[in-house]
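Notes to accompany the following structure.
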Amino acid sequence: MVIGHTLHGAGPQGVIVLHGWMGDYSVFRPMFDFLDTDTFTYAFVDYRGYGKSKEIGGDYTMAEIAADALALADHLGWPQFHLIGHSMGGMAVQRIAVDATDRVQSVVALTPVPASGVTFDDQTWALFSDAVDEPEKRTAVTDFGTGGRLTQRWLDMMTRRSVANSTVEAFRGYLSAWAKTDFAAEADGLETPFLVLIGEYDGALSAEFMRETFLKWYPNATLETIENAGHYPMYETPVLLATMMEAHMKEHV
Numbered sequence: 001m002v003i004g005h006t007l008h009g010a011g012p013q014g015v016i017v018l019h020g021w022m023g024d025y026s027v028f029r030p031m032f033d034f035l036d037t038d039t040f041t042y043a044f045v046d047y048r049g050y051g052k053s054k055e056i057g058g059d060y061t062m063a064e065i066a067a068d069a070l071a072l073a074d075h076l077g078w079p080q081f082h083l084i085g086h087s088m089g090g091m092a093v094q095r096i097a098v099d100a101t102d103r104v105q106s107v108v109a110l111t112p113v114p115a116s117g118v119t120f121d122d123q124t125w126a127l128f129s130d131a132v133d134e135p136e137k138r139t140a141v142t143d144f145g146t147g148g149r150l151t152q153r154w155l156d157m158m159t160r161r162s163v164a165n166s167t168v169e170a171f172r173g174y175l176s177a178w179a180k181t182d183f184a185a186e187a188d189g190l191e192t193p194f195l196v197l198i199g200e201y202d203g204a205l206s207a208e209f210m211r212e213t214f215l216k217w218y219p220n221a222t223l224e225t226i227e228n229a230g231h232y233p234m235y236e237t238p239v240l241l242a243t244m245m246e247a248h249m250k251e252h253v
């Protein structure tokens with residue numbers, strides 16, 4: 001079994017791209033026209049239970065995502081590659097970098113969940129848990145993550161796509177995976193070059209949080225804030241995001 005994926009570009013440098021909890025690979029589509037497809041070949045993955053892998057069941061864990069991504073790299077003939085991970089995918093790329101350190105050239109962690117998971121208060125955990133079965137709660141989560149400043153039409157679109165492109169079982173399983181998994185002790189000291197990108201208006205994943213996690217653990221990590229963006233810079237500032245990601249990867253070819 002090869003995990004569902006979408007290839008974009010024909011460059012010699014391979015890039016595996018992992019999406020977040022709320023949607024499949026298509027969340028990155030607003031960037032496609034701005035990517036350097038002469039330098040890079042992008043493989044946008046759909047996790048089990050999402051998008052092109054919606055009919056594939058699984059355990060819905062970080063270890064499983066990492067194993068599927070590494071199997072895809074083998075299938076594509078990529079002995080080495082770059083990693084980009086958004087939100088939940090930002091946790092998964094750390095798992096891959098721990099499991100296959102010698103294969104990972106660089107990592108872009110985009111508004112990422114740290115390897116330690118996230119501690120929620122009861123009210124916030126209830127909101128995220130209810131989002132599994134209640135689409136309006138998915139809208140509320142997205143609105144919070146983008147600072148309550150974006151159009152209702154966009155929020156509604158994100159929710160529709162989230163519901164259409166994921167199974168309930170996968171959505172529920174991955175919530176526990178990214179919130180409650182903790183492999184920080186394994187990741188601590190990893191020397192892979194990391195670019196950690198956060199959005200100015202992200203309601204949860206702040207610069208201080210990144211300094212207490214990514215920048216403490218990874219000696220070659222750099223933190224940058226994207227202005228006029230929240231949790232979804234691929235929609236909010238796609239040209240700038242593409243520029244920043246590719247500049248980092250080109251330093252490590």
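Residue numbers (my numbering): 1 to 253. By construction, the Cβ of each residue, glycine as well, lies at the ideal position given by its N, Cα and C atoms.
Where do the N-terminal and C-terminal ends of the alpha helix (DSSP H) with residue i fall, by residue?
i: Glu212; result: Ala207 to Glu212
i: Val93; result: Met88 to Asp99
i: Leu127; result: Asp122 to Asp130
i: Val168; result: Val168 to Lys180
i: Val17; result: Taken as a continuous stretch (DSSP letters only), Val17 belongs to no alpha helix (DSSP H), being part of the beta strand (DSSP E) at Gln13 to Leu18.
i: Pro114; result: Note, Pro114: premise wrong, no alpha helix (DSSP H); not H, not E.
i: Ala187; result: Ala184 to Ala187
i: Ile65; result: Met62 to Leu76
i: His248; result: Pro238 to Lys250
Just to confirm my understanding: we take residue i, look at its own chain, exclude 5 residues before and 5 after, and list those with CB closer than 8 Å. What are they?
i: Gly11; result: Asp36, Thr37, Asp38, Thr39, Phe40 and Thr41
i: Met22; result: Ser87, Arg138, Val141, Thr142, Met158 and Ser162
i: Ser206; result: Ile198
Can the beta-carbon of residue i be found closer than 8 Å to that of residue j?
i: Asp202; j: Ser116; result: no
i: Thr111; j: Gly199; result: yes
i: Val45; j: Tyr25; result: yes
i: Ala92; j: Ala66; result: yes
i: Gln13; j: His82; result: yes
i: Val27; j: Met234; result: yes
i: Phe171; j: Val132; result: yes
i: Ala71; j: Ile16; result: no
i: Ala179; j: Val118; result: yes
i: Thr146; j: His252; result: no
i: Lys54; j: Asn165; result: yes
i: Leu223; j: Met210; result: yes
i: Leu18; j: Gly89; result: yes
i: Leu175; j: Phe120; result: no
Look up residue i in the DSSP assignment and give the residues it is bridged to.
i: Ile3; result: None, per the DSSP bridge assignment.
i: Ser106; result: His82
i: Tyr50; result: Ser166
i: His8; result: Tyr42
Among residues of its own chain, excluding the 5 on either side of residue i, which ones have a beta-carbon nearer than 6 Å to its beta-carbon?
i: Thr142; result: Leu155 and Met158
i: Met185; result: This sequence places Ala at residue 185; Met is not what is there. Taken in chain order, the list of residues that qualify is empty.
i: Asp68; result: Ile3
i: Arg95; result: Met62 and Ala66
i: Gly77; result: none
i: Pro135; result: Thr159 and Val163
i: Arg103; result: Gln80
i: Phe144; result: Gly203
Between which two residues does the beta strand (DSSP E) carrying residue i extend?
i: Thr139; result: First-last for Thr139: Pro135 to Gly145, but that is the alpha helix (DSSP H), not the beta strand (DSSP E).
i: Ile226; result: Ala221 to Ile226
i: Val45; result: Phe40 to Val45
i: Val163; result: That residue, Val163, is in no beta strand (DSSP E); its alpha helix (DSSP H) goes Gln152 to Ala164.
i: Leu195; result: Phe194 to Gly199
Between residue i and residue j, which are expected to be in contact by the criterion C-beta below 8 Å, what is the C-beta distance as a whole number of angstroms?
i: Ala229; j: Thr237; result: 5 Å
i: Thr101; j: Leu190; result: 7 Å
i: Gly85; j: Ala109; result: 6 Å
i: Gly20; j: Thr167; result: Actually they do not touch by this definition, with Cβ atoms about 16 Å apart.
i: Val107; j: Thr6; result: Contact doesn't hold; Cβ gap of about 20 Å is too wide.
Apart from the five residues on each side of it in sequence, which residues of its chain come closer than 7 Å, Cβ to Cβ, to residue i?
i: Thr225; result: Ile198, Glu200 and Ala207
i: Thr213; result: Pro114 and Ser116
i: Met31; result: Met234, Pro238, Leu241 and Ala242
i: Leu215; result: Ala221 and Leu223
i: Phe34; result: Pro238, Val239 and Ala242
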